[in-house]
Structure formats: structure tokens, C-alpha cells
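Trainee:
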Amino acid sequence: MNIHWQENELWEASVPDQGMIDLHFSVSGQHLQSDFGLSLQSAIARHLTWIPSEPSLGIYLNHGPDSGNGWQRPIENGVIQLSRRTRLTLRLPSHRVAGGHELTGKQLLVDDFTLDVGKGRTKHLLPCPTLFSRHVVMTPEPLDEADLTNAIVAHFHTRGIQPRKLLCGREHVIRSASGTWTAHSLMVADLEDDESLDLQASGLGLGRAMGCGVFHHHKSISPNRHDSHD
1494 MNIHWQENEL WEASVPDQGM IDLHFSVSGQ HLQSDFGLSL QSAIARHLTW IPSEPSLGIY
1554 LNHGPDSGNG WQRPIENGVI QLSRRTRLTL RLPSHRVAGG HELTGKQLLV DDFTLDVGKG
1614 RTKHLLPCPT LFSRHVVMTP EPLDEADLTN AIVAHFHTRG IQPRKLLCGR EHVIRSASGT
1674 WTAHSLMVAD LEDDESLDLQ ASGLGLGRAM GCGVFHHHKS ISPNRHDSHD
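Mapping of the sequence shown onto the numbering used here: residues 1494 to 1723, in sequence order.
#1: Work out the CA separation of Gly1530 and Gly1706 for me, nearest whole Å.
#2: Tell me which same chain residues have a C-beta within less than 8 Å of the C-beta of Arg1652, skipping the five on either side of it?
#3: In the DSSP output, which residue or residues are listed as bridge partners for Asn1555?
#4: Look up Gly1512 in the DSSP assignment and say whether it is helix, strand or coil.
#5: Contact check, Val1520 vs Gly1611 under 8 Å by CB: the rounded distance?
#6: What is the C-beta distance between Leu1624 and Leu1541, in whole angstroms, given that I count them as a contact (C-beta under 8 Å)?
#7: Report the start-end ranges of each alpha helix (DSSP H) in the region 1585 to 1609 that is 4 residues or longer and not cut off at the edges.
#8: When you compare only the Cα positions, how much space is there between Ala1538 and Ile1544?
#9: Could you please give me the residues that DSSP links to Gln1526 through a beta bridge?
#10: What would DSSP say about Thr1642, mapped onto helix, strand or coil?
#11: Compute the Euclidean distance between the alpha carbons of Gly1586 and Arg1701, then round it to the nearest angstrom.
#12: Would you mind sorting Gly1613 into buried or exposed? The rule is 16 or more other CB atoms within 10 Å of its CB.
#13: Quick check on this structure: which residue in Glu1547, His1588, Leu1608, Ser1576 has the alpha carbon closest to the alpha carbon of Ala1536?
#14: Looking at C-beta atoms only, is the number of pairs between the region 1639 to 1654 and the region 1598 to 1605 that lie closer than 8 Å three or more?
#15: When DSSP builds the beta bridges, which residues end up paired with Thr1675?
#16: How about Arg1657 and Asp1686: are their beta carbons less than 8 Å apart?
#17: Do you know offhand how far Arg1580's Cα is from Ser1527's?
#18: Cα separation between Asp1605 and Gln1574?
#19: In the DSSP assignment, find the alpha helix (DSSP H) that holds Ser1546 and state where it starts and stops.
#20: Could you tell me which residues DSSP puts in a beta bridge with His1517?
#21: Could you compute how far the alpha carbon of His1709 sits from the alpha carbon of Ser1671?
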């Protein structure tokens, strides 16, 4: 596990980002293949045919609590069991929200399993100092944790993001339309408000419609920035 760590000062919260909107759906289903990203993207695109024309779109399925504080989920025979709290999120440009609601009531065939999509609700992106993505892929070619961390730090610098704390998780192989990719989970901590919103809105790396590089709030590994020093 590769770690990049730098202490930071306290900060205050700011306004939500208005450019990208999260559209959350309840979903019901029993199981999915553990590597479901590409198949889920295809299943959704069968109903929302404009998805391939939105490169900024992200798709994220919160399929229940993971073991190891989000770093590893128990898998049996390549299949994961879905929680009743499973939620599907489409991270959309604001002008696509109305179209995204058309997914309500649809049944998705994802590999050999079905997901029934409930009613959607919108939520603005809000800053959070600690973000997590289950899959991050920076290049189609495999990178080890050290090279991946260096690539992420260099990329963040081009976006004006100061990467104070990065924690890369385990390596895993996922399917993509062009073959297999090597992905890592990634936690980024001690983000400023604008950095957090940028990372949530723009994502990181390849395959956001497959769930790669899509960041969501995570329990902080740092002291609360709103607490004052004694």
C-alpha cells in the first residue's frame, strides 16, 4: 500500500458545486458480478442512449459496506451480494438531470443479474475533506502503486490540487471496452473545498462511466478541520 502524506491547516466549508449534479436511485437486486462496471454502463446506456456523448458523466453503485474500511469486499465465486441499502448514482451535468430521471422504473440486465431502479432524487455536490474512489485507472497500461501515486500527484498539480494525503489500496483487474485494466482504490484526504468539488465534479483518470475515478465522501482519516486548536 503506497501512501503520500503531508499535514495541513484547518479550513471552513463553502458553497456547493452547481455544474454537476448527483442523481441517486434506490435499486433492488440480489447479486452482481464483482467486476460489474462495464456491464452496468452498457445496461444503463440501453435506456439512456445519450450517455456515450457525455464524457464528464460518472456512474457509481454503492453496493453496501466493504470490509477493511472500504478497501476490500468479500467475494464468493466472483459474485457480490447487494445490500438493501444499495444506491445507484449518476453524476451528471445539470442539463442532463431531466433525462437521467427517465431511468426510474427501468429494469437493468447486468450480466446474468437484474437490478430494478426506483425513483431518483437529486443532490448537489458538497465539499468534503476526504474522498474515496473504489477504482482508479490513470493509463490503460498497468502501473504499480508507486508509479500510480506519482502519476496522480503530477496530474493533480496540473489541476491546481495540492495532494496532501493519498492512500492507494489493493490492485485489481477490471474489464473495459478495450480490454482489461489494472485499477486501485484511492483515498484522498485533507482537501480544500474547491479541490474537493473539483475532484468530485471532474473525477480522475479513465472510465468514469464504468465507475472508475468517481469520488464520494468518506469518513475522514484526519482531525475535524472545523475544530479549533486549544
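By construction, the Cβ of each residue, glycine as well, lies at the ideal position given by its N, Cα and C atoms.
Mentor: Walking through what the data contain:
#1: Here residue 1706 corresponds to residue number 213 of the sequence shown, with the count starting at 1. Here residue 1530 corresponds to residue number 37 of the sequence shown, with the count starting at 1. Straight-line Cα distance between these residues: approximately 12 Å.
#2: Translated into the one-based positions of the sequence shown, residue 1652 becomes position 159. Close CB contacts of Arg1652 within its chain, under the 8 Å cut and outside five residues either way in sequence, are with Asp1691, Ser1695 (chain order).
#3: Mapped onto the sequence shown, residue 1555 falls at position 62. Answer is Arg1580, bridged to Asn1555.
#4: To locate residue 1512, count along the sequence shown from 1; it is residue 19. Reduced to three states, the DSSP call for Gly1512 is strand.
#5: Position 27 of the sequence shown, counted from the start, is the residue given in the question as residue 1520. Position 118 of the sequence shown, counted from the start, is the residue given in the question as residue 1611. Taking a contact as a CB-CB distance under 8 Å, the pair Val1520 and Gly1611 counts as one, their CB atoms being some 6 Å apart.
#6: As a working note, residue 1624 is residue 131 in the sequence shown. As a working note, residue 1541 is residue 48 in the sequence shown. With a Cβ gap of about 25 Å, Leu1624 and Leu1541 do not count as contacting.
#7: Whole alpha helix (DSSP H) segments, 4+ residues: 1590 to 1593.
#8: The residue given as residue 1538 occupies position 45 in the sequence shown. The residue given as residue 1544 occupies position 51 in the sequence shown. Answer to the nearest angstrom: the Cα atoms are 6 Å apart.
#9: In the sequence shown, counting from the first residue as 1, residue 1526 sits at position 33. Val1572.
#10: Here residue 1642 is taken as the residue at index 149 of the sequence shown, counted from 1. Here Thr1642 sits in helix by DSSP.
#11: Position 93 of the sequence shown, counted from the start, is the residue given in the question as residue 1586. Position 208 of the sequence shown, counted from the start, is the residue given in the question as residue 1701. Here the sequence assigns Pro to residue 1586, which means Gly is not the residue at that position. Roughly 13 Å between the two C-alpha positions.
#12: As a position in the sequence shown, residue 1613 is number 120, starting the count at 1. By the 16-neighbour rule on beta-carbons within 10 angstroms, Gly1613 is buried.
#13: Looking up residue 1536 in the sequence shown gives position 43. Nearest of Glu1547, His1588, Leu1608, Ser1576 to Ala1536, Cα basis: Leu1608.
#14: No, because fewer than three Cβ pairs between the region 1639 to 1654 and the region 1598 to 1605 fall closer than 8 Å, the two stretches do not touch.
#15: Position 182 of the sequence shown, counting from 1, holds the residue named residue 1675. For Thr1675, which the question treats as bridged, DSSP gives the partners Val1666.
#16: Residue 1657 sits at position 164 when you count from the first residue of the sequence shown. Residue 1686 sits at position 193 when you count from the first residue of the sequence shown. Judged by beta-carbon spacing, Asp1686 lies beyond the 8 Å limit of Arg1657, meaning their Cβ atoms are not closer than that value.
#17: In the sequence shown, the residue the question calls residue 1580 occupies position 87. In the sequence shown, the residue the question calls residue 1527 occupies position 34. Arg1580 and Ser1527: Cα-Cα distance of roughly 16 Å.
#18: Here the question's residue 1605 lines up with position 112 in the sequence shown. Here the question's residue 1574 lines up with position 81 in the sequence shown. Between Asp1605 and Gln1574, the alpha-carbon positions lie close to 14 Å from each other.
#19: Here residue 1546 corresponds to residue number 53 of the sequence shown, with the count starting at 1. It is not in any alpha helix (DSSP H) - Ser1546 carries neither H nor E in the DSSP assignment.
#20: Position 24 of the sequence shown, counted from the start, is the residue given in the question as residue 1517. His1517 is bridged by DSSP to Thr1582, Arg1614.
#21: Start at 1 with the first residue of the sequence shown, and residue 1709 comes out as number 216. Start at 1 with the first residue of the sequence shown, and residue 1671 comes out as number 178. Rounded to whole angstroms, His1709 to Ser1671 spans 26 Å at the Cα level.
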